[in-house]
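These protein sequences, in sequence, are chains A and B. Every position in the first sequence, counted from 1, becomes a number in the numbering used here once 130 is added. Every position in the second sequence, counted from 1, becomes a number in the numbering used here once 6 is added. We put the CB at the ideal spot given by N, CA and C, even for glycine. Only a predicted model underlies this, so the values are computations on that prediction, with no experimental measurement involved. First comes the structure, then the notes that go with it.
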Amino acid sequence: STVVLVFEAPKGRRPSFDEGWLGEKTKRKGGWNWAVEKGQKVKMGQALGWV
Amino acid sequence: LRKALSETRIKWYPIPVGLGIGFLGLVQFYKVNERERLRRDEEWEDDGYVKSTGSSGENGDRSPGGTPKRRERIRPSGPWQVQVMSTLPLKAISRLWGKFNELQIPYYLRVPGFKLYSFIFGVNLSEVSEPDLHVYPNLASFFYRTLKPGVRPLDPNPNALLSPADGRVLQFGAIVSGEVEQVKGMTYSLDALLGTSKPETSPNPSDPARIFAPKSDNHQQSTATHKDGDEDVIKQDEEFAQVNGISYTLPNLFSGPPQKKPKKAQDASTTPKASSEAEVRADLALGERPWYARLTSEHQTALFYVVVYLAPGDYHRFHSPCSWVVEKRRHFAGELYSVSPYLQKTLPGLFTLNERVVLLGRWRWGFFSFTPVGATNVGSIKVNFDRELRTNSLTTDTAADQAAEEAAKRGESYGGFAEATYEAASPILHGHALRRGEEMGGFQLG
Chain A
131 STVVLVFEAP KGRRPSFDEG WLGEKTKRKG GWNWAVEKGQ KVKMGQALGW V
Chain B
7 LRKALSETRI KWYPIPVGLG IGFLGLVQFY KVNERERLRR DEEWEDDGYV KSTGSSGENG
67 DRSPGGTPKR RERIRPSGPW QVQVMSTLPL KAISRLWGKF NELQIPYYLR VPGFKLYSFI
127 FGVNLSEVSE PDLHVYPNLA SFFYRTLKPG VRPLDPNPNA LLSPADGRVL QFGAIVSGEV
187 EQVKGMTYSL DALLGTSKPE TSPNPSDPAR IFAPKSDNHQ QSTATHKDGD EDVIKQDEEF
247 AQVNGISYTL PNLFSGPPQK KPKKAQDAST TPKASSEAEV RADLALGERP WYARLTSEHQ
307 TALFYVVVYL APGDYHRFHS PCSWVVEKRR HFAGELYSVS PYLQKTLPGL FTLNERVVLL
367 GRWRWGFFSF TPVGATNVGS IKVNFDRELR TNSLTTDTAA DQAAEEAAKR GESYGGFAEA
427 TYEAASPILH GHALRRGEEM GGFQLG
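What follows is the structure in C-alpha cells.
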C-alpha cells in the first residue's frame, strides 16, 4: 500500500536586490523545504518537510 | 512413380463457376473483416482503452458508436512479470486473501503465529497497543492494529508536513507540467492520478449502486451559471484547472469565499467537534486576507508531491499530515497490482491503474490531496469519516461497469471515478476538518 500526497506550498520569495542575486543568495527564501531523502524510512508524525 | 507420371493421361475439366465465385467471395469477406477489425482497434485505442483479447470477442462488446460498453480492464505493457500479473484476477485474489485472513486462528497458535509474522516483516511488538497478542483473533485484526499512545510523537514545528504513516519515502519533488515523476524517471499525469474536472456525481448517497451514477443535470446547470458570470474569473479557473488538473476555483483555492457546489454530500458520519473545527479554521486563516494577496510574487506557490510506501510489517493506519479540510473524495475502482518498489520501477503509471481513494481539499497554503493507493494484499481502504465508501467490493465494480455502460449509451466517456463531497460535515468550512496527526483511516487486508 502507498500514500501519495500532492499539495500546494509556497515557493518562497526571491531575494531582494540588497541581498544579492548571485550564488547561494539566489535561492528562494521562506518556501517549501524537504526534510527527508529518497528511500528514507519514516515514522508517522515525522516531518516530511516544512514551510 | 515415373511410369505413372509419364503414362497417365491428363484430362482437364472446367472449374464450376459457383465454386470460383464462392472462393472469391470468401477472400473478399476475409479482407473486409480484417479491415473492419483494424478500424475498431484504432477507435478502441483512441478511446484510451488497451485492446483486450479473449472473452470480449472480435466485436469488443461495444456500442455501435465505438464506445466501450463495459469498463474494460487495462492491460499494461511491461516485462513478462507484469504481463503475467495482468492476466490474473487480482481483485478476486485480493478478496479471497482478505477472507482467508479473517479466519479465526486457534488460540494457542496466535502468539507464535504473530511473532513469526513480526520476525519476518519487522514488526516492533513493543509498540503495539495490546500487549496480549491472544486478543487478535486473526491476521487481519493484527494487521490493522493500533499503537500505544505517545509512541509516534508529532513534529513540534506547526509549519511541518507530517508523515501520514510509517513507511519509506519512495519519491518526492515538485510537479512540473502537471506530471508526477515516478521511480526510475517514469512519469504519470496528475489528471490520471487525481481525476479530471468532470466527475461522476452521486444522486442518491445511500445507495452504493448509485455511486457510479452519471453526471447529474445540476452539474451542467452549474457549469452554465459559471459561463454566464465574469469572463475573467472563468478564464482564471480554466487556467488553474489546466495546470493542476483539478477543477478548483481561485477564490476557493486561496481561502476566499467558497463557491457553492451543486453536488450532494455523500456522508457526514462523524461531524467534527467544534474545537477541532475552530482549530482548523484558525490554522487555515480563513478570511484574514483576500485571495489575491496570495498572488503576489512573495507568495507564489508550486505543487509538490511525496510517495510513502507502507511495507507489510508497518503500522497500516494513516493520519492527517496537517490541518486541512477534505472537500471531496474520488474513488477510482481500478485494479490491484502490487505496489512493491520493484513493480513501481517496472510498471509505469502504477498508481493510476490501481484502486485508490483521492481525498481533495485545502490547507493553509492552498490545494491539498491525500491519495491512499490499494495493493493486492491490502485492497481495502478505509476512511473513518466516510461510511459510504466501499473499496475492493464486487458491488462497486459492478456499479462502475453499469455506469460505464450507461455513459456509453449516452455517447459520453466514463470518468473512471465516483465522487462525493463532504459539504454537510461543516457548513462553515464546506468540508470535513482534520487536525494534524488525527487518524483518517487505514489499509486492511484483502
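- Under the DSSP definition of a beta bridge, HIS337 (chain B) partners with B:VAL363, B:ALA424.
- Listed by position along chain A, the residues whose Cβ is nearer than 8 Å to that of ILE111 (chain B) form an empty set, because the closest Cβ is around 23 Å away.
- Only those residues of the segment 324-349 of chain B whose C-beta falls short of 7 Å from the nearest C-beta of chain A are listed: PHE324, HIS325, PRO327, VAL345.
- Under the three-state reduction of DSSP output, LYS388 (chain B) falls in the strand class.
- Distance between PHE310 (chain B) and GLU42 (chain B), taken at the CA atoms: about 46 Å.
- Separation of ILE21 (chain B) and THR14 (chain B) (C-alpha to C-alpha, rounded to the nearest whole angstrom) is 21 Å.
- Distance check between PRO347 (chain B) and each of B:VAL141, B:VAL175, B:ARG336 places B:VAL175 closest, using alpha-carbon atoms only.
- Of the other Cβ atoms in all chains shown, 16 or more fall within 10 Å of the Cβ of LYS334 (chain B); this residue is therefore buried.
- Any Cβ of chain A closer than 8 Å to the Cβ of SER124 (chain B) would place that residue at the interface, and such an atom is absent.
- Listed in chain order, the positions of the segment 166-177 of chain B with a beta carbon within less than 9 Å of a beta carbon of chain A are ALA166, LEU167, LEU168, SER169, PRO170, ALA171, ASP172, GLY173, ARG174, VAL175, LEU176, GLN177.
- Listed along chain A, the residues sitting closer than 8 Å to ILE181 (chain B) by beta-carbon distance are VAL136.
- Contact between ALA381 (chain B) and GLY173 (chain B) does not hold, since their C-beta atoms are separated by about 12 Å, which reaches or exceeds 8 Å.
- Excluding the 5 residues flanking it on each side, ARG116 (chain B) has same chain C-beta neighbours closer than 8 Å at LEU139, HIS140, TYR142, PRO143, in chain order.
- With respect to chain A, the C-beta atom of THR352 (chain B) has no partner C-beta closer than 8 Å.
- In this structure, DSSP gives VAL33 (chain B) a helical state, which the three-state scheme calls helix.
- DSSP places GLN350 (chain B) in the uninterrupted alpha helix (DSSP H) bounded by 347-352.
- When DSSP states are grouped into helix, strand and coil, MET446 (chain B) belongs to the strand group.
- At a beta-carbon threshold of 9 Å, none of the residues of chain A lie near THR397 (chain B); the nearest stands roughly 11 Å away.
- In chain order, VAL134, LEU135, VAL136, PHE137 make up the part of chain A whose C-beta sits under 9 Å from the C-beta of SER375 (chain B).
- The straight-line gap separating the alpha-carbon atoms of ILE27 (chain B) and PHE35 (chain B) is approximately 12 Å.
- Spatial neighbours of PRO85 (chain B) in its own chain (CB-CB distance under 8 Å, excluding positions within 5 residues in sequence) are listed in chain order as THR352.
- Taking 8 Å as the CB threshold, PRO159 (chain B) lines the interface with chain A.
- The CB of PHE106 (chain B) never comes closer than 8 Å to any CB in chain A; the least such distance is about 18 Å.
- The beta carbon of ILE181 (chain B) is closer than 8 Å to those of LEU196, ALA308, LEU309, PHE310, TYR311 in its chain, skipping five residues each way along the sequence.
- According to the DSSP assignment, ARG8 (chain B) belongs to the alpha helix (DSSP H) that extends over 8-13.
- Contact with chain A is absent for THR402 (chain B), since none of that chain's Cβ atoms lies less than 8 Å from the residue's Cβ.
- Pairing GLY319 (chain B) with PHE178 (chain B) gives a Cβ-Cβ distance that is not under 8 Å.
- Beta-bridge analysis with DSSP links VAL129 (chain B) to no other residue.
- No Cβ-Cβ contact shorter than 8 Å links THR132 (chain A) with VAL389 (chain B).
- Using a Cβ distance threshold of 8 Å, ASN107 (chain B) and LEU451 (chain B) count as a contacting pair.
- With at least 16 other beta carbons inside 10 angstroms of its own, TRP330 (chain B) counts as buried.
- At least 8 Å separates the beta-carbon of LEU365 (chain B) from that of GLU341 (chain B).
- Residue pairing by DSSP puts LYS171 (chain A) in a beta bridge opposite B:ARG174.
- According to the DSSP assignment, ARG393 (chain B) belongs to no beta strand (DSSP E), since it is labelled neither H nor E.
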